[in-house]
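**Q** I have a structure I would like to understand better, so I am pasting it below and will then ask my questions one at a time.
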Amino acid sequence: MRRIKIVLTFFIAVILTGCSDDDNGTSFFYELATVQEASLPDQFNREEIYTITVSYYRPTDCHSFAGFDYDRLGNERTVSVVNLVVNRGNCNDLETTDLVEVSFDFLVGNEDSYIFRFWQGRDENGDNQFLTVEVPVL
Numbered sequence: 001m002r003r004i005k006i007v008l009t010f011f012i013a014v015i016l017t018g019c020s021d022d023d024n025g026t027s028f029f030y031e032l033a034t035v036q037e038a039s040l041p042d043q044f045n046r047e048e049i050y051t052i053t054v055s056y057y058r059p060t061d062c063h064s065f066a067g068f069d070y071d072r073l074g075n076e077r078t079v080s081v082v083n084l085v086v087n088r089g090n091c092n093d094l095e096t097t098d099l100v101e102v103s104f105d106f107l108v109g110n111e112d113s114y115i116f117r118f119w120q121g122r123d124e125n126g127d128n129q130f131l132t133v134e135v136p137v138l
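Each residue of the sequence shown is one higher than the one before, starting from 1 at the first, in UniProt numbering.
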């Protein structure tokens, strides 16, 4: 009987400590940032790699660049900047005059042209807005 009590006490202790919330309350989420500018060449050459630079405003010091959301459909490329936002409760607003530049490499394939659509937010109706640039391929 004593052995059962010891085992039962052990299991209760494991269950209670296994459910403790000890992550100090810090959480994070991902958020799209609106692209302000995009730098692309006037034309592409097939089978070459180009660096495409986009600029956006970082709203607070809790925001940091996490990567790109990149979709392709035919010759269209839809590009969004993704920020990681740490929700620590003491975020400071940053100046909206300093653009953050980030870039990605693009390998030109066999299309005659590429249409890049850079996400710029939503309008008053909730529709996505894009900065659209078409680049011909030689």
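For every residue, glycine included, the Cβ atom is placed at its ideal position computed from N, Cα and C.
Can you tell me whether residue 71 is helix, strand or coil according to DSSP?
**A** Correct three-state label for residue 71: strand.
**Q** Is it buried or exposed, residue 83, if we count other Cβ atoms within 10 angstroms and call 16 or more buried?
**A** Residue 83 should be labelled buried.
**Q** Which partner residues does residue 101 have in the DSSP bridge list?
**A** Bridge partners of residue 101: 55.
**Q** Once DSSP output is grouped into helix, strand and coil, what is the label at residue 131?
**A** In this structure, residue 131 counts as strand in the three-state DSSP scheme.
**Q** Among the residues of its own chain, which have a CB less than 6 angstroms from the CB of residue 117, if the five just before and after it don't count?
**A** Cβ within range, chain order: 78, 130 and 132.
**Q** Can you give the beta carbon distance from residue 51 to residue 103, rounded, assuming they're within the 8 angstroms contact cut?
**A** With a Cβ gap of about 5 angstroms, residue 51 and residue 103 count as contacting.
**Q** How long is the line joining the alpha carbons of residue 42 and residue 137, rounded to whole angstroms?
**A** Each residue's alpha carbon lies about 9 angstroms from the other.
**Q** Quick check: the Cα distance between residue 122 and residue 110, rounded to an integer number of angstroms?
**A** Approximately 32 angstroms between the Cα atoms of the pair.
**Q** Buried or exposed for residue 106, going by 16 or more other Cβ atoms inside 10 Å?
**A** Residue 106 comes out buried.
**Q** Please list, in chain order, all residues of the same chain as residue 87 whose beta carbon is under 8 angstroms from its beta carbon, the five residues on each side excluded.
**A** Same-chain partners within the cutoff: 26, 27, 28, 29 and 62.
**Q** Find the nearest neighbour of residue 134 within the set 58, 65 and 76, judged by alpha-carbon distance.
**A** The residue with the shortest Cα to Cα distance from residue 134 is 76.
**Q** My output table needs one value for residue 41: the three-state DSSP class, helix, strand or coil.
**A** Here residue 41 sits in coil by DSSP.
**Q** Go ahead and pull the three-state DSSP assignment for residue 92.
**A** Residue 92 falls in the coil class under three-state DSSP.
**Q** For a test of the three-state rule: what should DSSP assign to residue 107, helix, strand or coil?
**A** Residue state, collapsed to three classes: strand.
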